[in-house]
Structures are given as structure tokens and as C-alpha cells.
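Residue numbers (my numbering), protein chains in the order written: chain A, 0 to 358; chain B, 0 to 358. Backbone N, C-alpha and C define an ideal beta-carbon position, used for all residues, glycine too. Please read the structure below before turning to the comments.
2 protein chains.
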Amino acid sequence: MRRVTQTVLKNDLLLRALLREATPRTPVWIMRQAGRYLPEYRETRARAGSFIQLMSTPELACEVTLQPVNRFPLDAAILFSDILTIPAAMGLGLHFVEGEGPAFERPVRDAAAVAKLAMPDPETELRYVLDAVRLIRRELAGRVPLIGFAGSPWTLACYMVEGGASKEFALVKGLLYREPATLHKLLDLLARSVALYLNAQIAAGAQAVMLFDTWGGVLTGQAYKEFSLSYMSAVIAELQREYEGRRVPVILFTKGGGPWLEAMTDSGADALGVDWTQDLSDARRRVGDKVALQGNLDPAALYAPPERIREEVKKVLDSYGHGPGHIFNLGHGVQIGTKPESVAAMVAAVHELSPAYHK
Amino acid sequence: MRRVTQTVLKNDLLLRALLREATPRTPVWIMRQAGRYLPEYRETRARAGSFIQLMSTPELACEVTLQPVNRFPLDAAILFSDILTIPAAMGLGLHFVEGEGPAFERPVRDAAAVAKLAMPDPETELRYVLDAVRLIRRELAGRVPLIGFAGSPWTLACYMVEGGASKEFALVKGLLYREPATLHKLLDLLARSVALYLNAQIAAGAQAVMLFDTWGGVLTGQAYKEFSLSYMSAVIAELQREYEGRRVPVILFTKGGGPWLEAMTDSGADALGVDWTQDLSDARRRVGDKVALQGNLDPAALYAPPERIREEVKKVLDSYGHGPGHIFNLGHGVQIGTKPESVAAMVAAVHELSPAYHK
Numbered sequence: 000m001r002r003v004t005q006t007v008l009k010n011d012l013l014l015r016a017l018l019r020e021a022t023p024r025t026p027v028w029i030m031r032q033a034g035r036y037l038p039e040y041r042e043t044r045a046r047a048g049s050f051i052q053l054m055s056t057p058e059l060a061c062e063v064t065l066q067p068v069n070r071f072p073l074d075a076a077i078l079f080s081d082i083l084t085i086p087a088a089m090g091l092g093l094h095f096v097e098g099e100g101p102a103f104e105r106p107v108r109d110a111a112a113v114a115k116l117a118m119p120d121p122e123t124e125l126r127y128v129l130d131a132v133r134l135i136r137r138e139l140a141g142r143v144p145l146i147g148f149a150g151s152p153w154t155l156a157c158y159m160v161e162g163g164a165s166k167e168f169a170l171v172k173g174l175l176y177r178e179p180a181t182l183h184k185l186l187d188l189l190a191r192s193v194a195l196y197l198n199a200q201i202a203a204g205a206q207a208v209m210l211f212d213t214w215g216g217v218l219t220g221q222a223y224k225e226f227s228l229s230y231m232s233a234v235i236a237e238l239q240r241e242y243e244g245r246r247v248p249v250i251l252f253t254k255g256g257g258p259w260l261e262a263m264t265d266s267g268a269d270a271l272g273v274d275w276t277q278d279l280s281d282a283r284r285r286v287g288d289k290v291a292l293q294g295n296l297d298p299a300a301l302y303a304p305p306e307r308i309r310e311e312v313k314k315v316l317d318s319y320g321h322g323p324g325h326i327f328n329l330g331h332g333v334q335i336g337t338k339p340e341s342v343a344a345m346v347a348a349v350h351e352l353s354p355a356y357h358k
Numbered sequence: 000m001r002r003v004t005q006t007v008l009k010n011d012l013l014l015r016a017l018l019r020e021a022t023p024r025t026p027v028w029i030m031r032q033a034g035r036y037l038p039e040y041r042e043t044r045a046r047a048g049s050f051i052q053l054m055s056t057p058e059l060a061c062e063v064t065l066q067p068v069n070r071f072p073l074d075a076a077i078l079f080s081d082i083l084t085i086p087a088a089m090g091l092g093l094h095f096v097e098g099e100g101p102a103f104e105r106p107v108r109d110a111a112a113v114a115k116l117a118m119p120d121p122e123t124e125l126r127y128v129l130d131a132v133r134l135i136r137r138e139l140a141g142r143v144p145l146i147g148f149a150g151s152p153w154t155l156a157c158y159m160v161e162g163g164a165s166k167e168f169a170l171v172k173g174l175l176y177r178e179p180a181t182l183h184k185l186l187d188l189l190a191r192s193v194a195l196y197l198n199a200q201i202a203a204g205a206q207a208v209m210l211f212d213t214w215g216g217v218l219t220g221q222a223y224k225e226f227s228l229s230y231m232s233a234v235i236a237e238l239q240r241e242y243e244g245r246r247v248p249v250i251l252f253t254k255g256g257g258p259w260l261e262a263m264t265d266s267g268a269d270a271l272g273v274d275w276t277q278d279l280s281d282a283r284r285r286v287g288d289k290v291a292l293q294g295n296l297d298p299a300a301l302y303a304p305p306e307r308i309r310e311e312v313k314k315v316l317d318s319y320g321h322g323p324g325h326i327f328n329l330g331h332g333v334q335i336g337t338k339p340e341s342v343a344a345m346v347a348a349v350h351e352l353s354p355a356y357h358k
């Protein structure tokens, strides 16, 4: 494993804010900032031929990772990849159905299928991801930190059991209620795989990592704690938390996880992502000074004209209020139909308005 | 308009619980209790030829409304219909795409399209619904009360603007952020139409009514209050609240509306539906004694074996706790793959376990 040459990080606002340290303004980045709303992304994607080709070719993944950072004054880059790299490396046959999202040829639906799964070795089966991380770090040359990420064990299990996207999650929740031991076995394997994978990303150069729990919000509170949060906590407990002489912050984001923010503060995460259905002032009151908060502009607010976007940015800043520990972001990924000018207006508004909240 | 012959209501547990009056046990009914998980429904549906034919033929709508009440000891019947009857009557061209749900041939996407819409007259354009209500009341003969319903103005607007189901609601939320006055005009028309429609259902015999706000949960808190809740409150303010000498209770259900329960208690609704992501004890503490609560077993819990279903029913009853004001239900509609035996196990568990909470 090749060690990244340490470079001085010129903009460390994100890392400081994630640790609730004082910053002169609120850092900002955008979930799915490298994506289809950018014409330069669509150009690279067309050149790659397919999404899978794009994400599995380190040079192309690096290129699209840098595109939003080159276009907007963002405070972080996030690795361009997919949350399903681990199940793909487990041999489930990942493919993408146009307009419907990811699907697996060989879903995992019973104890026998779970028993056959093995933890992927990151440096061999997921080497394309780590090569991308190393390349991005070199190309970024310390401009902003690089965020690595993985899907949460529960979210990976949802896709692996359902075989693709789902509205009702009948199969994975059926397993949960009918055969919880089988699901626990799968989640345990996934938690160990995710920890190994994120540690490999950290060793390759990721300066912060984020767990995307896209589907934790479809559970009851009790099931969320038992089948999603406990495995994210297990992942976090295994992570290498210091590297290159700095702490590596961990962000945990459960979409729809608003009811359970208090419980999430005990996960070991430094920061919690918050979707736009939550009031940030309320969320801040509930989590106290235990964690930083990331979010939470409604992605659809970027359909507004620039002056309205500015107002909506101000509402989010007001809602969090004064002091450290806020990372500005959308409450979910940027939507495909968003104009790049709208993203520019949002980022400019954060730069312009947020210093007043840090005096 | 023909007045229903008044019959003595033999089981009024639902109506009393909705008004927070004491009952010897917790009443139970199930969202989408008449539906595809029942073989007798599938048989009637096949005979009807299409879903639209089924819901627009009063005799068939009556037949499927009664099926779950005949099979299980439920405490209410709910009118079999669709939430999109109003936009359909406005001439948007409702049709159903197999596996994708409802769609409109002529979506409403700008001020000009909104200006062309007119309020449907329930007794002419929606007469098939009212005829079904009258027929069901006659056939029920006072066994249990009949619940009427409508989609919330915001939820109807979502379908009307998007033209069908959506994941990101880019079009309707785009309108919200870009052209709020147009959206308000549409919502105002819908609120008046929904009030007229529900009053016609009440006059035809509906003994309680429910507003289904399927998509209120995709909004920010502020937008929810401005674009969904305020219009539901406007509907409720217009409703005929007493009929046949009894109060007609109103249930409001916003899926994903957990963060805003306090605000909903000021809507004028007698009861709030609660989805399974909320803890009922927490919800009860937050709403105080202002409203009753309906819910909230995870629909997927019905994939469990009978003894586990019983445990999950007990958890819901425990969570609400002792005293009046709880109506047992799922936290969302029953899923298509549910076995009727599982529903029977759930209903039996409520009958058996709930009296202990009313002593």
C-alpha cells in the first residue's frame, strides 16, 4: 500500500467544523456534488460509456470528483463512487437499469445465501476505489479535504435482499420480522466489511468519512436502533480515527432519521447529517454539544431564483444559529434538474452570509 | 339528495375513541383494508375489468368495502375509492399504469392551467362516490361506522403537477419555490373542492372522515405549514361536524409528519394518524389531550409469524399506554403481499390484549 505524500491542507474548514472547532465561516459542500446536473459530468460520463465504467476507472472517478471543486468554491471534495461497491465486490452482479437505479442479478434472500458471502479485501477487489482516492488526493494537492464514504450496513442489506430499489421494502423487512437472526448475520458481515473498506479509504488518503444510511428511515425506532444504528456504531468503533497526524471525523446520515437524533449522538460519529424535514435549531437543541450537524437546505429550493435561494440559505443559517459545529449542505443529494448557476448562488450565499454567525 | 334512513350504530367504538371518550377496548381498522391482499378483492377486481371500473361502480365499490368487515372483526369500514377522484372530476384524465400507480394525461403546471380548473360538483361529477357511500351505509346496517375520505390539497396538487407518482417532486416543489402564488391558487381551489366533497360524503352517510396527506412529509417544516397543513385546516373549518345527531370526527394523517404533530393539533382534527417511524408514547406526550392518535404498527410486521405479530401489537398498545384516545391501525396501508391470516392475527391480538389498557 502506497502512502500518500503528506501535503499541507490549505482549507481545513470542514475538518474543524466537523469537530466543532471555531471557524471564520460555515463550510459548505453538497451531497452528490459530482453528478448529472453538471454538463462537464455528463460529458465525462458519455466518454466513459457507462456509470459502472465511470466509477471503476480511477482516472475518470478522479476527474468527476474534481469537477464541482473546480467550478464552485466548495470546502470539500467527496470521492465519486457508488454506495454499492461492497455488495458488487461480494459478487452479487451489480448493474444499473436506466431510470430505475441499481439492481443485483443475485439477491441474497435466505440463510444459505448469507452463508456464502465473504468480506471483500479492499486492496484487491476494491482497489479501483482506493486508487481513485490516492489519485484524487494527489490532484487536489491540499486545496480541500477529501471525504470518503460507504453505505450503511442496513442500507446495503436493503439493496442486497430486495435486489434493487424498493418502495415498501417487503423482502428485507419480511426477513427482519420473520428471520431476524439471518439478517443480523448479514449485517454483522457488512459492518465488518464496511469498517475494513473505510479504513482502507482512510489509509489511501480520505480525510473524513461518511456513512450513508439512505434507508434507516423506513424502520420503526426500535428496529432502527437494532438493525441500523447498532451496526453503524460497530463500524465507527473499528475505524482508524487518526491519520497523517489529524483526527479523521466521521459523519453519519440517516435520511428520515430525525426522530432518533439523540440515539445517534452515542454512535461515536462526530457529525450527523440532517435532512430538510428537520428544523436545525430543534435538532441542535436535541443533540446538545455532542456532535456537529450537517445540512439541511431542501434540494428543491435550488429551483428558486437566486434571490430566493439566498433567503433560503439564510433561513438554514439562522436555524442553526451562532457558533461552531455547522456544515452547510443540502438535506439530500442535489437533484438532476438543478441549474449549476443555482448551486453557485447557494455557495456564494453561504460564503457571504455565514461569517456573521461566527463572530 | 336522498337522506339515509337512520340506523342504530351497533358498534361505535371508533367514533368514541376518535373523540377521546372511554371505550372498553381499543378499536381497530386498517388503512387499505379493502385491497389486493384479499383473494375476494382480487376476484371482484377481475370481474370489474379495471381499477377505475371497480371504484366508479357503486355496487362493486360497496362489495369490496364490505369484504374486510365481513372477514375480520374490524371496528370500521372505509369507503373504497381513490384519493384522486377530485382531479379526475376536474378533467385531468386519470389512468393507472400497471405497477406504477396513477397518472394524469393533462397535468397542471402553470398559472394558465390552474386558471382553467373548476370545482367539481359532488352530486353530479362525483355522484358515483356518493352513491357508493349511500349503498354501503344501507348494507352495513349499523354494524360499524363508515369512514369517508379525501386526499389533502397538497397531496392532490403533487399528483396534478407531477402528472403521476414521483420520487423527488421536482415539478411541484419547483412551483412552490419559483411561483408560490400559482401553487396557492391551486391549493385554495383544492381545499374548497375537498371540503365540498367531504361534506357531500357526510350528507350521504359517512360517519367520520379522514384526510390523507400522503406527501406532506416531503416538505420542510415551514413549507408543510404553509402549503399543506393550512389548507387541511381550511378544509376542516368548512366541514359539517354534526350529522344524524352525532359528531362527525375528522382524522388527519400526514405520512412522515412526525416532526410537526404539535402544529397539527391546531388543525381542528379530532385525531391524528401516526406512521410507524414515530414512537406513540412520545407522540402522545407531544399532542397532550388535544387529539386522539391512530396507528401505528409497521405494515411489514405482518410478515412475521402470528406469535411475533402479537408481540408487535402489544408493543404498540404499550407505547400508547393506558386510557382513551387510541385507534389501532397500521402506520400506513397494508402491503399487497400480506397474508389475510396475519391480518386476522393482528386484529385478534388487539381484541384480546387491549381491554387491559382501558381499565
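Under 8 angstroms by beta carbon: chain B residues contacting Gln-334/A: Residue numbering aside, residue 334/A sits at position 335 when the first sequence is read from its first letter. Simply Glu-167 and Ala-169.
Secondary structure of Gly-255/B, DSSP reduced to three states: For this step, residue 255/B is matched to residue 256 along the second sequence. Reduced to three states, the DSSP call for Gly-255/B is coil.
Can you tell which of Ser-280/B, Met-345/B and Leu-91/B has the C-alpha that lies nearest to the C-alpha of Pro-101/B? Sequence index remark: in the second sequence, residue 101/B carries index 102 (1-based). Taking each of Ser-280/B, Met-345/B and Leu-91/B in turn and checking the Cα distance to Pro-101/B, the smallest one comes out for Leu-91/B.
Where Ile-135/B sits in the DSSP three-state scheme: Position 136 of the second sequence, counting from 1, holds the residue named residue 135/B. In this structure, Ile-135/B counts as helix in the three-state DSSP scheme.
When you compare each of Met-231/A, Leu-238/A and Thr-56/A to Gly-150/A by their alpha carbons, which one comes out closest? Here residue 150/A refers to the residue found at position 151 of the first sequence. That would be Met-231/A, whose Cα lies nearest to the Cα of Gly-150/A.
Could you round the C-beta distance between Ile-326/A and Ala-282/A to whole angstroms and report it? I think they count as a contact, below 8 angstroms. On the first sequence, position 327 is the one that residue 326/A refers to. On the first sequence, position 283 is the one that residue 282/A refers to. Contact doesn't hold; Cβ gap of about 13 angstroms is too wide.
Proximal residues, the region 303-317 of chain B versus chain A, C-beta separation under 9 angstroms: Within the region 303-317 of chain B, the residues whose Cβ lies closer than 9 angstroms to some Cβ of chain A are Ala-303, Pro-304, Arg-307, Ile-308, Glu-311 and Lys-314, listed in chain order.
Considering only the alpha carbon of each residue, which of Phe-226/B, Met-209/B and Val-208/B lies closest to Gly-387/B? Summary: the structure shown does not reach residue 387/B, with chain B confined to residues 0 through 358, and so no result is reported for it.
Against Thr-219/A, what residues of chain B qualify as contacts under a CB-to-CB distance less than 7 angstroms, listed in chain order? Taking the first sequence and counting its residues from 1, one reaches residue 219/A at position 220. Chain B residues near Thr-219/A: Trp-275, Thr-276 and Asp-297.
Got a sec: is the Cβ-Cβ distance from Pro-101/B to anything in chain A below 8 angstroms? The sequence position of residue 101/B within the second sequence is 102, counting from 1. Answer no: the Cβ-Cβ gap between Pro-101/B and chain A never drops below 8 angstroms.
Determine the chain B residues that contact Ala-156/A at a beta-carbon separation under 7 angstroms, and present them in chain order. Residue mapping note: residue 156/A aligns to position 157 of the first sequence, counting from 1. Per Cβ cutoff of 7 angstroms: no residues; Ala-156/A is ~14 angstroms from chain B at best.
Anything in the region 253-276 of chain A with a Cβ closer than 8 angstroms to a Cβ of chain B? List those residues in chain order, please. Interface annotation for the region 253-276 of chain A against chain B: Gly-255, Gly-257, Pro-258, Trp-275 and Thr-276, criterion Cβ-Cβ distance under 8 angstroms.
Grab the span of the beta strand (DSSP E) containing Leu-271/B for me, first residue to last. For the purposes of this step, residue 271/B is taken as the residue at position 272 of the second sequence. In the DSSP assignment, Leu-271/B falls within the beta strand (DSSP E) that extends over 270-272.
Just checking my contact of Leu-64/A with Leu-53/A at CB under 8 angstroms: how many whole Å lie between their CB atoms? For the purposes of this step, residue 64/A is taken as the residue at position 65 of the first sequence. For the purposes of this step, residue 53/A is taken as the residue at position 54 of the first sequence. Looking at the sequence shown, residue 64/A is not Leu but Thr. The Cβ separation is near 11 angstroms, so there is no contact.
Taking only heavy atoms of the ligand FMN into account, decide whether any of them is closer than 7 angstroms to the Cβ of Met-54/B. Here there are no bound small molecules, and the ligand FMN is not part of this structure.
The alpha helix (DSSP H) that contains Asn-198/A, what's its start and end? As a position in the first sequence, residue 198/A is number 199, starting the count at 1. Residues 179-203.
Inter-residue Cα distance where the pair is Glu-237/B and Arg-285/B: Within the second sequence, the letter at position 238 stands for residue 237/B. Within the second sequence, the letter at position 286 stands for residue 285/B. CA-CA distance, Glu-237/B to Arg-285/B, rounds to 26 angstroms.
Return the residues of the region 27-59 of chain A that lie within a Cβ-Cβ distance of less than 7 angstroms from chain B, sorted by chain order. Those residues of the region 27-59 of chain A that come within reach of chain B (Cβ to Cβ, closer than 7 angstroms) do not exist; the list is empty.
At the level of alpha carbons, what is the spacing between Leu-129/B and Arg-245/B? Taking the second sequence and counting its residues from 1, one reaches residue 129/B at position 130. Taking the second sequence and counting its residues from 1, one reaches residue 245/B at position 246. Rounded to the nearest whole angstrom, the C-alpha separation of Leu-129/B and Arg-245/B is 20 angstroms.
Partner residues on chain E for Arg-177/A, Cβ-Cβ distance less than 9 angstroms: Included in the structure are the protein chains A and B, with no chain E among them.
Delimiting residues of the beta strand (DSSP E) encompassing Phe-95/A: Stepping through the first sequence from its first residue, residue 95/A is reached at position 96. Per DSSP, the unbroken beta strand (DSSP E) holding Phe-95/A starts and ends at 93-96.
Gly-394/A versus His-331/A, Ile-335/A and Tyr-196/A, residue with shortest Cα-Cα distance: In the structure as shown, chain A starts at 0 and stops at 358, and residue 394/A therefore has no counterpart that could be examined.
Cutting at 7 angstroms between CB atoms, please list the residues of its own chain near Met-0/B, excluding the five before and the five after it. Counted from its first residue, the second sequence places residue 0/B at position 1. In this prediction, Met-0/B has a pLDDT of 44, which is less than 50 and means its spatial position is unreliable; what the coordinates show is noted afterwards. Excluding residues within five positions, the ones whose Cβ falls inside 7 angstroms are Glu-122 and Ala-202.
Using a Cβ-Cβ cut-off of 7 angstroms (strictly less than) and excluding sequence neighbours within five positions of Ala-270/B, which residues of its own chain qualify? Along the second sequence, one-based indexing puts residue 270/B at 271. Here the set comprises Leu-17, Pro-248, Ile-250, Val-290, Ala-291, Leu-292, Gln-293 and Ile-326.
Among the residues of its own chain, which have a CB less than 8 angstroms from the CB of Ala-140/A, if the five just before and after it don't count? For the purposes of this step, residue 140/A is taken as the residue at position 141 of the first sequence. Taken in chain order, the residues that qualify are Thr-6.
State the Cα-Cα distance for the pair Lys-338/A and Arg-307/A, rounded to the nearest angstrom. Against the first sequence, residue 338/A aligns to sequence position 339. Against the first sequence, residue 307/A aligns to sequence position 308. Approximately 14 angstroms between the Cα atoms of the pair.
What would DSSP say about Met-118/A, mapped onto helix, strand or coil? Stepping through the first sequence from its first residue, residue 118/A is reached at position 119. In the structure shown, Met-118/A adopts coil according to DSSP, grouped into three states.
Output, in sequence order along the chain, the residues in the region 335-348 of chain A whose CB is closer than 7 angstroms to any CB in chain B. Under the 7 angstroms Cβ criterion, the region 335-348 of chain A contributes Gly-336.
Does Lys-172/B come within less than 8 angstroms of chain A when only Cβ atoms are used? Taking the first residue of the second sequence as position 1, residue 172/B is located at position 173. Cβ-Cβ to chain A under 8 angstroms: yes for Lys-172/B.
Please report the distance separating the alpha-carbon of Ala-303/B from that of Ser-341/B. Translated into positions along the second sequence, residue 303/B becomes position 304. Translated into positions along the second sequence, residue 341/B becomes position 342. Between the C-alpha atoms of Ala-303/B and Ser-341/B there is a straight-line separation of about 8 angstroms.
Do Met-89/A and Ala-117/A come within 8 angstroms of each other at the CB atom, strictly closer than that value? Position 118 of the first sequence holds residue 117/A. Position 90 of the first sequence holds residue 89/A. The Cβ-Cβ distance between Ala-117/A and Met-89/A falls below 8 angstroms.
Starting from Asn-69/B, trace the alpha helix (DSSP H) both ways and give me its first and last residue. Against the second sequence, residue 69/B aligns to sequence position 70. Unbroken alpha helix (DSSP H) run through Asn-69/B: 57-70.
Same chain only: Cβ atoms within 8 angstroms of Val-315/B, ignoring 5 sequence neighbours per side: As a first step, residue 315/B is located in the second sequence; it is residue number 316 there, counting from the start. Short of 8 angstroms from the beta carbon of Val-315/B, and not among the five residues preceding or following it, lie these beta carbons of its own chain, in chain order: Leu-279, Gly-294, Asn-295, Leu-296 and Phe-327.
Can you have a look at Ala-21/B and say buried or exposed, based on whether 16 or more other CB atoms are within 10 angstroms of its CB? As a first step, residue 21/B is located in the second sequence; it is residue number 22 there, counting from the start. Ala-21/B should be labelled exposed.
Over what stretch of residues does the beta strand (DSSP E) that includes Gly-212/B continue unbroken? Position 213 of the second sequence, counted from the start, is the residue given in the question as residue 212/B. It should be pointed out that residue 212/B corresponds to Asp in this sequence rather than to Gly. Asp-212/B -> beta strand (DSSP E) spans 207-212.
CA-CA distance, Pro-67/A and Ala-76/A? By one-based count along the first sequence, residue 67/A stands at place 68. By one-based count along the first sequence, residue 76/A stands at place 77. CA-to-CA, the gap between Pro-67/A and Ala-76/A works out to about 8 angstroms.
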